[in-house]
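Protein sequences appear in the order of chains A and B.
Numbered according to the numbering used here, the first sequence spans residues 682 to 878.
Numbered according to the numbering used here, the second sequence spans residues 682 to 878.
Number of protein chains: 2
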Amino acid sequence: MTVLDQLIKSLSRLPGIGTKSAARLSYYFIQADRESNRSLAGQIAEIKDKIFTCSVCGSYTENDPCPICTDSTRDTSLICVVEHPQDVLTIEASGSYDGLFHVLNGAISPLDGIGPEQLSIGSLLKRIKEHTFSEIILATNPTEEGDTTALYISHILKNTDLRITRLASGLPIGGDLEYADKITLARSMRGRIRLNN
Amino acid sequence: MTVLDQLIKSLSRLPGIGTKSAARLSYYFIQADRESNRSLAGQIAEIKDKIFTCSVCGSYTENDPCPICTDSTRDTSLICVVEHPQDVLTIEASGSYDGLFHVLNGAISPLDGIGPEQLSIGSLLKRIKEHTFSEIILATNPTEEGDTTALYISHILKNTDLRITRLASGLPIGGDLEYADKITLARSMRGRIRLNN
Numbered sequence: 682m683t684v685l686d687q688l689i690k691s692l693s694r695l696p697g698i699g700t701k702s703a704a705r706l707s708y709y710f711i712q713a714d715r716e717s718n719r720s721l722a723g724q725i726a727e728i729k730d731k732i733f734t735c736s737v738c739g740s741y742t743e744n745d746p747c748p749i750c751t752d753s754t755r756d757t758s759l760i761c762v763v764e765h766p767q768d769v770l771t772i773e774a775s776g777s778y779d780g781l782f783h784v785l786n787g788a789i790s791p792l793d794g795i796g797p798e799q800l801s802i803g804s805l806l807k808r809i810k811e812h813t814f815s816e817i818i819l820a821t822n823p824t825e826e827g828d829t830t831a832l833y834i835s836h837i838l839k840n841t842d843l844r845i846t847r848l849a850s851g852l853p854i855g856g857d858l859e860y861a862d863k864i865t866l867a868r869s870m871r872g873r874i875r876l877n878n
Numbered sequence: 682m683t684v685l686d687q688l689i690k691s692l693s694r695l696p697g698i699g700t701k702s703a704a705r706l707s708y709y710f711i712q713a714d715r716e717s718n719r720s721l722a723g724q725i726a727e728i729k730d731k732i733f734t735c736s737v738c739g740s741y742t743e744n745d746p747c748p749i750c751t752d753s754t755r756d757t758s759l760i761c762v763v764e765h766p767q768d769v770l771t772i773e774a775s776g777s778y779d780g781l782f783h784v785l786n787g788a789i790s791p792l793d794g795i796g797p798e799q800l801s802i803g804s805l806l807k808r809i810k811e812h813t814f815s816e817i818i819l820a821t822n823p824t825e826e827g828d829t830t831a832l833y834i835s836h837i838l839k840n841t842d843l844r845i846t847r848l849a850s851g852l853p854i855g856g857d858l859e860y861a862d863k864i865t866l867a868r869s870m871r872g873r874i875r876l877n878n
């Protein structure tokens, strides 16, 4: 196997990259300038040494605690619970939220053998106990596992003063009614919003 | 900018990788094992030092001349002319050809300021003069530029004994007539093949 074949094979193991894209990327690297290849290679080689998870909220960070946990200008009365570290970045990028986060590292999924004890629910309850939050936003995915996890957490917290919320489900903005799946459409029908008084 | 943002930015500069795929790949690298990241990084960093173009045919190789040019079991009476080094790999992967190659490094494109003198046509004519080929297959792309280039080369060679051919154009196998574009359909109509005698 040539080094080119090896590179194509390595790249095609990455998520979302098939053999054709891997080949295309490899040809690109052969034609790109040496310095930019070296720079990207360095970043890939070192990412795991530089990025780890925040010991407080569990999101990706270069410093512990993370910049979100230590940012005093954020609304510390809100805590948003997500499944994965990358969900924090997605919500941050939306610019729609300025509270704190908590990463569960997954969702309850009995079929995959993931129960509540495998998730960071204990540390979530500890944070809620030690800090006065006014609202907890259960932003787990709108899937069966995410819904189950949200329901589970809301059940544990039902006797607290905490306002418990869930992200709205419905039609994606800019989407076409024609392409909406049945379940999404049914949910957005059930959650319809009144426009007049 | 965090190292994670930097990695996402670097990855999103690669062809066919948008910001979302770049983010997804970055999260993958954070979760993947250190050794496989390092291995891939090493391959990207070194590819330009290990792969260069064959001084005879112009295709990508680790050794000069390339394994195709030096393979005595191949049919050395055939020479296949392509636009880019990666086209050699594509044709090799099809398993449909076992002759020699010649890479032009582009196609004639007056709008982009690429004339015949920018392509490896001189070295092609030299090879044809010094070696007795029976057939030259003009496998430039079925585009205006590729057709022009093929026509240009066939014009130069018109007074030789060389059999000059061009790859057949037509409907892609497994494709649906309904989805074929007009020009492809017109070409495959013009080039229709008789099935009976």
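Using N, Cα and C, we set each Cβ at its ideal position, and we do this for glycine too.
- In the DSSP annotation of this structure, L852 (chain A) is not part of any beta strand (DSSP E), being labelled neither H nor E.
- Each residue's CA atom was taken as its position, placing H765 (chain B) and G776 (chain A) some 45 Å apart.
- Taken through DSSP and simplified to helix, strand or coil, F710 (chain A) comes out as helix.
- Around the beta carbon of S753 (chain A), fewer than 16 other beta carbons lie within 10 angstroms, which makes this residue exposed.
- Contacts with chain A (Cβ-Cβ distance below 8 Å) from the region 850 to 868 of chain B involve no residue at all.
- Within chain A, no residue has its beta carbon less than 8 Å from that of L785 (chain B); the closest one is some 15 Å off.
- For T846 (chain A), the uninterrupted beta strand (DSSP E) segment begins and ends at R844 to R847.
- Per DSSP, L866 (chain B) is one residue of the alpha helix (DSSP H) stretching across K863 to R871.
- Interface residue (Cβ-Cβ distance to chain B less than 8 Å): E764 (chain A) is not classified as such.
- In the three-state DSSP reduction, H783 (chain A) falls in the strand class (E or B).
- For V684 (chain B), the nearest CB of chain A lies under 8 Å from its own CB, placing it at the interface with that chain.
- Looking only at B:R719, B:I874, B:F814 and B:I698, the smallest Cα-Cα distance to L706 (chain A) is reached by B:I698.
- Within the same chain, and ignoring the five residues on either side of C735 (chain B) in sequence, the residues whose Cβ sits closer than 7 Å to its Cβ are T742, D745, P746, C747 and C750.
- Between L785 (chain B) and V769 (chain B), the C-beta spacing is not below 8 Å.
- Contact between the region 848 to 861 of chain B and the region 815 to 826 of chain B is present, with at least three C-beta pairs closer than 8 Å.
- When the Cα atoms are used, T824 (chain A) and Y778 (chain A) turn out to be separated by approximately 22 Å.
- The shortest C-alpha to C-alpha distance from P853 (chain A) to any of A:G739, A:L866 and A:S758 is the one to A:L866.
- Here the C-alpha atom of I834 (chain B) lies approximately 23 Å from the C-alpha atom of R871 (chain B).
- Nearest Cα to Y708 (chain B) within the set B:E727, B:R694 and B:L685: B:L685.
- Distance between I689 (chain A) and R755 (chain B), taken at the CA atoms: about 25 Å.
- Sequence-distant Cβ neighbours of R719 (chain B) in its own chain, meaning closer than 6 Å and more than five residues away, do not exist here.
- Look at Q799 (chain B): its C-beta is not under 8 Å from any C-beta on chain A.
- With fewer than 16 neighbouring CB atoms inside 10 Å of its own CB, T813 (chain B) falls in the exposed class.
- The alpha-carbon of N840 (chain A) is positioned some 29 Å away from that of I874 (chain A).
- Among the CB atoms of chain B, none fall inside 8 Å of the CB of R873 (chain A).
- For V762 (chain B), the enclosing beta strand (DSSP E) has its first and last residue at L759 to V763.
- Here L858 (chain B) is exposed. Its C-beta has fewer than 16 other C-beta atoms within 10 Å.
- Using a CB distance cut-off of 8 Å, L695 (chain B) counts as an interface residue toward chain A.
- Annotation for I817 (chain B): the continuous beta strand (DSSP E) segment containing it runs E816 to L819.
- Under the DSSP definition of a beta bridge, T742 (chain A) partners with A:F733.
- Contact with chain A is absent for A831 (chain B), since none of that chain's Cβ atoms lies less than 8 Å from the residue's Cβ.
- One alpha carbon belongs to K701 (chain A), the other to K701 (chain B), and they sit about 19 Å apart.
- The Cβ of A726 (chain A) sits closer than 8 Å to at least one Cβ of chain B.
- The continuous alpha helix (DSSP H) containing I689 (chain A) extends over residues V684 to S693.
- Judged by DSSP in its simplified three-state form, I795 (chain B) adopts strand.
- The beta-carbon separation of A722 (chain A) and A704 (chain B), rounded to 19 Å, does not stay under the 8 Å limit for a contact.
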